[in-house]
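Below is one structure; the comments refer to it alone.
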Amino acid sequence: MRDLLRVLKAFGERDKYSLWELSLKTGLPLLAVKKAIEKLVENGYAISDKGFYKLTERGKLLLEVAENLDRRGEPYIFTTETGNPVPLSVNSLIQLYAIIKYGLVDKEIFKDHVTKGFLGQWLKTVMKSPRLAEKFEKTVEKGEDFSFILSLLEFLMGDSL
Numbered sequence: 004m005r006d007l008l009r010v011l012k013a014f015g016e017r018d019k020y021s022l023w024e025l026s027l028k029t030g031l032p033l034l035a036v037k038k039a040i041e042k043l044v045e046n047g048y049a050i051s052d053k054g055f056y057k058l059t060e061r062g063k064l065l066l067e068v069a070e071n072l073d074r075r076g077e078p079y080i081f082t083t084e085t086g087n088p089v090p091l092s093v094n095s096l097i098q099l100y101a102i103i104k105y106g107l108v109d110k111e112i113f114k115d116h117v118t119k120g121f122l123g124q125w126l127k128t129v130m131k132s133p134r135l136a137e138k139f140e141k142t143v144e145k146g147e148d149f150s151f152i153l154s155l156l157e158f159l160m161g162d163s164l
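Taking this note's numbering, the leading residue of the sequence shown gets 4, the next gets one more, and so forth.
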């Protein structure tokens with residue numbers, strides 16, 4: 004998983020890279036880079052383009068989340084409609100994952116915070132994850148569940164769950 008994260012984070016500067024360029028940039032052996040790229044392509048996070056590889060929109064979201072996965076920020080406090088705090092706050096994307104995965108905050112309260120833009124603002128300003136904020140908002144607008152967001156975080160965290 005560490006090799007995959009190194010390869011993913013190498014995409015931050017340019018749009019597309021060859022396997023050789025990624026190997027040089029990450030310091031990883033060509034075979035390790037190839038395996039990481041295959042996993043990214045297999046999961047729809049990257050595509051091959053004439054011997055070069057580039058991130059898809061999903062891959063750009065994955066990169067943003069990967070860059071901020073361990074970030075700790077000012078806590079986000081969930082509140083009920085009346086403004087009473089829910090006895091739980093979150094200060095990282097990993098904690099946000101746990102809240103969604105295990106239903107630690109009532110679904111309606113969670114959706115309300117997304118709909119009103121409160122959670123999105125925290126994601127953009129504190130967690131530096133505007134793409135993730137947008138994905139949350141679109142997910143609620145479409146009436147979908149958060150399974151895609153959960154799968155994205157699970158992909159990054161791998162066996163550490």
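A virtual CB, placed ideally from N, CA and C, is assigned to each residue, including glycine.
Original post:
Nearest CA to the CA of ASP115: which residue from GLU16, LYS131, LEU155, THR142?
Top reply: THR142
Original post:
Got a sec? Which residues, its chain only, sit under 6 Å from ASN171 by beta carbon, not counting five neighbours each side?
Top reply: For the chain, the structure presents residues 4 to 164; residue 171 sits outside this window and is missing.
**OP:** Quick one: residues in its chain with C-beta nearer than 6 Å to the C-beta of SER163, no 5 flanking neighbours on either side, listed in chain order?
**Re:** With a pLDDT of 43 at SER163, under the threshold of 50, the predicted position of this residue should be treated as unreliable, and no value is reported.
**OP:** Pick helix, strand or coil for ASP6, following the three-state DSSP scheme.
**Re:** helix
Original post:
Can you tell which of ASP73, ASP109, GLU24 has the C-alpha that lies nearest to the C-alpha of GLU81?
Top reply: Correcting the residue identity first, residue 81 is Phe in this sequence and not Glu. The candidate whose alpha carbon is nearest that of PHE81 is ASP109.
**OP:** Put GLU149 into one of helix, strand or coil per three-state DSSP.
**Re:** Sequence inspection shows Phe at residue 149; the Glu mentioned does not correspond to that position. Three-state DSSP puts PHE149 in coil, outside helix and strand.
Original post:
Taking the alpha-carbon positions, what's the GLY62 to PHE113 distance?
Top reply: 25 Å
Original post:
Looking at C-alpha atoms only, which residue of THR128, TYR48, GLU144, GLU60 is the closest neighbour of LEU8?
Top reply: TYR48
**OP:** Have a look at GLU157 and GLU84 and give me their C-alpha separation to the nearest angstrom.
**Re:** 30 Å
Original post:
Helix or strand or just coil, what does DSSP make of VAL108?
Top reply: coil
Subject >> Nearest neighbour of PHE21, chosen from SER51, LEU126, ILE97 [CA to CA] >> reply: In the sequence on display, residue 21 carries Ser and not Phe. Selected option, being the one with the closest Cα: SER51.
Original post:
From the DSSP output, which residues share a beta bridge with ALA13?
Top reply: For ALA13, which the question treats as bridged, DSSP gives no partner whatsoever.
Original post:
Tell me which same chain residues have a C-beta within less than 8 Å of the C-beta of ASP148, skipping the five on either side of it?
Top reply: THR142
Subject >> Enclosing alpha helix (DSSP H) for LEU135 [first to last residue] >> reply: 133-144
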